[in-house]
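The numbering used here numbers the first residue of the sequence shown as 6 and each following residue consecutively. Quick notes on the structure that follows.
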Amino acid sequence: MATATTAPRYWWNWRFLTGAIFILSSIVMAAVLIRKYEGCKKSRRERRKNQRETVGSLYEDEAWRTSFKVIHPAWLLAYRIAAFVVLLALIITNFILDGAVIVFFYTQWTFCLVTIYFAIGISLSIYGCYKYRNRVGDDAADYVRDEEEGTYIAPTLGENEDTFNTSKSFTDEECPSRKAAGVYVYIFQVIYQMCGGAVVLTDVVFWSLLYPNLDSEYDELDFIMASMHSFNLGLLLGDTILNGMRFPMFRISYFVLWTGLFVIFQWIIHGCIDMWWPYPFLDLSSNYAPLWYLGVGVAHIPCYGAYALIIRMKQFWFSRSFPKSFQGER
């Protein structure tokens with residue numbers, strides 16, 4: 006007979022101790038990475054003052070501008086609205102059919118996170134369309150005014166030197182006039198990168214480990230289950246193609262924290278209530294449990310790396326195929 010998850014002997018053993026050490030050490034290392042590369046507010050202000058860009062730098066317009074100059078930000082807004090509606094409809098349907106039990110699954114956690122990403126993206130894209138319209142209007146007005154006045158002021162030698170020195174630190178698109186991102190945009194960027202790794206992990210685990218071993222508990226692969234393991238990745242990839250956001254590797258730390266939070270949540274729930282595990286490899290009664298925890302934990306690296314590779318390939322191909330129009334990171 007299986008030991009109840011609420012029994013002390015279920016937890017006080019070498020299997021749980023090994024898993025706890027692995028989870029907690031991963032969380033600590035993730036926190037160290039965040040501390041090192043995100044830095045404190047004071048250091049960020051100093052970098053802005055000195056016009057220096059770091060691996061964690063982010064600009065406000067990255068949240069709403071598109072990959073190409075010829076594509077209006079309104080198209081990205083329209084896509085995000087459509088994606089949000091589809092994802093919200095699926096999660097509501099899933100809740101109606103299965104009830105509150107869905108909160109125990111990592112898939113639904115990730116699916117909700119992707120939905121939140123698109124919800125925040127909609128608000129930022131609306132703001133971006135407003136900023137884009139005003140910027141285009143101001144540029145057009147300045148151009149007409151200069152044409153009417155027939156004036157042109159050539160830069161002085163000193164100005165040329167300043168321009169040359171500035172170009173060492175900024176590209177044509179990343180100039181000092183661009184506004185640094187605020188907290189809201191940073192949160193959006195972090196969620197984006199968490200989603201990138203999480204959707205790959207959920208789909209890999211489901212299609213490679215869980216789907217081949219579906220039993221009577223699941224009966225069969227229904228439409229909702231198949232959609233959740235298809236639309237989350239597909240819709241996020243569509244947004245990735247359209248947006249101009251970067252994807253620094255150090256933010257895998259947030260992805261690790263996300264999964265660590267889910268595992269700790271499961272431990273707390275099972276420590277209080279004797280219930281089934283949503284995923285067999287989380288069950289600590291097996292002697293292979295530490296290996297499963299280690300395997301899934303290590304899988305975070307290739308899953309996150311796979312999404313980062315997709316973005317690198319996008320940047321490489323777009324920047325060479327459309328050098329004048331592409332405005333993402335090169």
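Quick reminder that beta carbons are idealized off the backbone N, C-alpha and C, glycines included.
With 16 other Cβ atoms within 10 Å as the buried cut-off, status of residue i
i, result
"residue 268", "buried"
"residue 244", "buried"
"residue 318", "exposed"
"residue 150", "Note that residue 150 scores 44 on pLDDT, short of 50, meaning its location in the model is unreliable; the coordinates nonetheless yield the value given after this. Exposed is the call here."
"residue 28", "buried"
"residue 228", "exposed"
"residue 80", "exposed"
"residue 35", "buried"
"residue 78", "buried"
"residue 119", "buried"
"residue 125", "buried"
"residue 300", "exposed"
"residue 9", "exposed"
"residue 130", "buried"
"residue 82", "buried"
"residue 261", "buried"
"residue 123", "buried"
"residue 92", "buried"
"residue 97", "exposed"
"residue 316", "buried"
Residue i - DSSP class collapsed to helix/strand/coil
i, result
"residue 123", "helix"
"residue 71", "strand"
"residue 331", "strand"
"residue 248", "strand"
"residue 87", "helix"
"residue 185", "strand"
"residue 293", "coil"
"residue 253", "coil"
"residue 110", "coil"
"residue 9", "coil"
"residue 342", "No answer is possible for residue 342: it lies beyond the span of the chain, which begins at 6 and ends at 335."
"residue 18", "coil"
"residue 78", "helix"
"residue 105", "helix"
"residue 231", "helix"
"residue 208", "helix"
"residue 318", "helix"
"residue 280", "coil"
"residue 24", "helix"
"residue 203", "helix"
Distance between residue j and residue i (C-alpha atoms, nearest Å)
i, j, result
"residue 139", "residue 133", "10 Å"
"residue 69", "residue 107", "32 Å"
"residue 25", "residue 101", "35 Å"
"residue 211", "residue 234", "8 Å"
"residue 237", "residue 283", "20 Å"
"residue 217", "residue 298", "20 Å"
"residue 99", "residue 207", "17 Å"
"residue 67", "residue 121", "18 Å"
"residue 37", "residue 31", "10 Å"
"residue 14", "residue 286", "19 Å"
"residue 303", "residue 137", "42 Å"
"residue 116", "residue 90", "13 Å"
"residue 293", "residue 310", "26 Å"
"residue 109", "residue 271", "7 Å"
"residue 320", "residue 214", "32 Å"
"residue 21", "residue 332", "49 Å"
"residue 40", "residue 33", "11 Å"
"residue 327", "residue 334", "13 Å"
"residue 314", "residue 23", "32 Å"
"residue 135", "residue 185", "18 Å"
C-beta contact flag for residue i and residue j at 8 Å
i, j, result
"residue 259", "residue 205", "no"
"residue 247", "residue 72", "yes"
"residue 11", "residue 288", "no"
"residue 276", "residue 17", "no"
"residue 127", "residue 85", "yes"
"residue 65", "residue 187", "yes"
"residue 61", "residue 253", "yes"
"residue 42", "residue 193", "no"
"residue 75", "residue 324", "no"
"residue 308", "residue 209", "yes"
"residue 114", "residue 199", "no"
"residue 111", "residue 202", "no"
"residue 88", "residue 240", "yes"
"residue 250", "residue 197", "yes"
"residue 63", "residue 232", "no"
"residue 290", "residue 7", "yes"
"residue 274", "residue 305", "no"
Per DSSP, the bridge partner or partners of residue i
i, result
"residue 64", "185"
Near the ligand MG: residue i beta-carbon under 7 Å from a heavy atom
i, result
"residue 280", "For the ligand MG, the structure offers nothing, since it holds no ligand at all."
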